[in-house]
Amino acid sequence: MHDIKLIRDNRDLFVAALARRPAYAEAADTTAAEILDLDAKWRGAKTAYEQHKARQNEASRAIGQAKAKKDEAGAKAMLEEVAHLKAQLQADQEEERKYEVDLRAKLAVLPNLPVADVPMGADENDNVEVVARRFGSAPRFDFKPKEHFELGEALGMMDFERAGKVSGARFVYLKGALARLERSLGMFMLDVQTANGYLEVNPPLLVRDEAFFGTSQLPKFEEDLFWASMGEGRFGLIPTAEVPLTNLVREEILDEAALPYRVTAWTPCFRAEAGAAGRDTRGMIRQHQFSKVELVSITAPEQSEAEHERMTDCAQDILKRLELPHRVVTLCSGDMGFAAQKTYDIEVWLPGQDRYREISSCSNCGDFQARRMEARYRPKDSKNTRFVHTLNGSGLAVGRTLIAVLENYQEADGTVRVPEALLPYMGGLTKIEKV
RNA sequence: GGAUGGGUGGCAGAGUGGUCGAUUGCAUCGGUCUUGAAAACCGACGGCCCUUAACGGGGUCCGGGGGUUCGAAUCCCUCCCCAUCCGCCA
670 MHDIKLIRDN RDLFVAALAR RPAYAEAADT TAAEILDLDA KWRGAKTAYE
720 QHKARQNEAS RAIGQAKAKK DEAGAKAMLE EVAHLKAQLQ ADQEEERKYE
770 VDLRAKLAVL PNLPVADVPM GADENDNVEV VARRFGSAPR FDFKPKEHFE
820 LGEALGMMDF ERAGKVSGAR FVYLKGALAR LERSLGMFML DVQTANGYLE
870 VNPPLLVRDE AFFGTSQLPK FEEDLFWASM GEGRFGLIPT AEVPLTNLVR
920 EEILDEAALP YRVTAWTPCF RAEAGAAGRD TRGMIRQHQF SKVELVSITA
970 PEQSEAEHER MTDCAQDILK RLELPHRVVT LCSGDMGFAA QKTYDIEVWL
1020 PGQDRYREIS SCSNCGDFQA RRMEARYRPK DSKNTRFVHT LNGSGLAVGR
1070 TLIAVLENYQ EADGTVRVPE ALLPYMGGLT KIEKV
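Numbering (our numbering), first residue to last: 670 to 1104.
Here is the structure:
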């Protein structure tokens, strides 16, 4: 959520920055105009209400004093004088509220502004590789590498057919060594990230609307979520642990000494994938349910840029330890998510698909989410509070990491070697093969 | 599911119809004292709106909404949230 004062005082800068998002290339100026118009109307209505209210309060005091002096006639005169104010106040208030609601609604669906070093672009084709972060190169196979689902199904450990009967498309049963591989990956990632300074957390998977508003899945992306009803109310299933982890500091005022606050969680994630019909329909790439180890950092504003680099290091750390080739791209302005001011995607090499696929996304959201959550901190030697900055990143998507391991560690005979780093977790198993 | 209690400033916690945005304590910040620190003492210390070049000034706000009243933090209704006890349950 943007600071209305900032838009008021820096309209031109705001419009220019917003226009860098392709969706607002044309509309940025009129959007700002609409917002500022509502803002002016809201403030006007608020001022009118407050002036009338002040008059009423003044009169009420005077009436009280008159009555105390037994001046019934004087009290009665004043009573008549302010009689009409009640209706006036209600009208004022109604108007003020209407404008405020409209204004908030407009602001709530406005995306974060890309920072200056985000490349301009329309879509994923305009993302720019961070060459210094590249790791490894496509491994050579002396056979045609298979896709993960071919391997998994041949091993008898990846069952889409039965998942289809039980739950439908975009679900899977993992069995035996692949189920264990998934568990091993999750544990391995948590072990690495806690060693990297993140506090392990086991968060709620069902959360309230307010939490979704905080991280900005709501109000705009309601249809991407799964909802569990409870009585008249409802809970949303988290699409990422970013939601409960970031909201950990909602409505808090933190001590500066507590920053940066780093938390991690390994959780299932649920996504409706509305609008993704037909995309990645085969295999485990895009599921309604998958597990992910998430990283969240809460920092002071001055720290967030460095923390973004650090977080990306932490995500890459997993791939490096697993010796999986990958590259990092800076998302262009058109490919960035709603809440982000800058995002790095990490893409792992998938030999079966013969291309890089996203396996992690690390975003700096600046104070955008903090405003929505009212998450602040008190700088040392200051009585005023400031909004924190929030960052989130996958460290990593476990399902997609499993895919990457299968495809990169496959042998000609359809077996899969267990990466060295995972050996301690696999109970002595060094190779995954059909049993 | 049943029964209670409660939501007030960073925190704790008063206030039950009239100069109450609100007593007090703690925390924080500034100052005095001190070689320095602590203690003690003095002072400051919420958001929002209007106004001002700024200092400042004014107004409004006690979970949300509605009602009663000339007047509501205070009374009534309703919604949301939190807590406790009982029942049931992993």
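We treat Cβ as the ideally placed atom computed from N, Cα and C, and that holds for glycine. In this text, all values refer to a predicted model and were calculated from it rather than measured experimentally.
- Pairing residue 904 with residue 962, the inter-Cα distance amounts to about 22 Å.
- Shown here, residue 1095 sits in coil according to DSSP, grouped into three states, outside any helix or strand.
- With a 10 Å radius around the Cβ and a threshold of 16 neighbouring Cβ atoms, residue 882 comes out buried.
- Between residue 992 and residue 1013, the alpha-carbon positions lie close to 20 Å from each other.
- Residue 832 and residue 878 have their C-alpha atoms spaced approximately 30 Å apart.
- With contacts defined by Cβ atoms closer than 8 Å, residue 859 and residue 933 form a contacting pair.
- When only Cα atoms are considered, residue 754 and residue 698 end up about 39 Å apart.
- As far as DSSP is concerned, residue 786 takes part in no beta bridge.
- Contact annotation: the region 800 to 808 does not touch the region 750 to 770, with fewer than three C-beta pairs closer than 8 Å.
- Collapsing the DSSP output to three states places residue 968 in a strand.
- Straight-line measurement puts the Cα of residue 957 at about 17 Å from the Cα of residue 848.
- The bridge partners DSSP lists for residue 924 are 1047.
- The alpha-carbon of residue 1064 is positioned some 51 Å away from that of residue 719.
- Residue 675 is classed as exposed because its beta carbon has fewer than 16 other beta carbons within 10 Å across all chains shown.
- The beta carbon of residue 721 lies closer than 7 Å to those of 754, 757, 758, 761 in the same chain, with the five residues before and after it left out.
- With contacts defined by Cβ atoms closer than 8 Å, residue 968 and residue 1060 form a contacting pair.
- Residue 880 and residue 917 have their C-alpha atoms some 9 Å from each other.
- Rounded to whole angstroms, the Cβ separation of residue 884 and residue 1008 is 7 Å, and the two are in contact under 8 Å.
- Taking 8 Å as the cut-off, the Cβ atoms of residue 706 and residue 673 do not count as close.
- With a cutoff of 8 Å on beta-carbon distance, residue 1026 and residue 990 are scored as not near each other.
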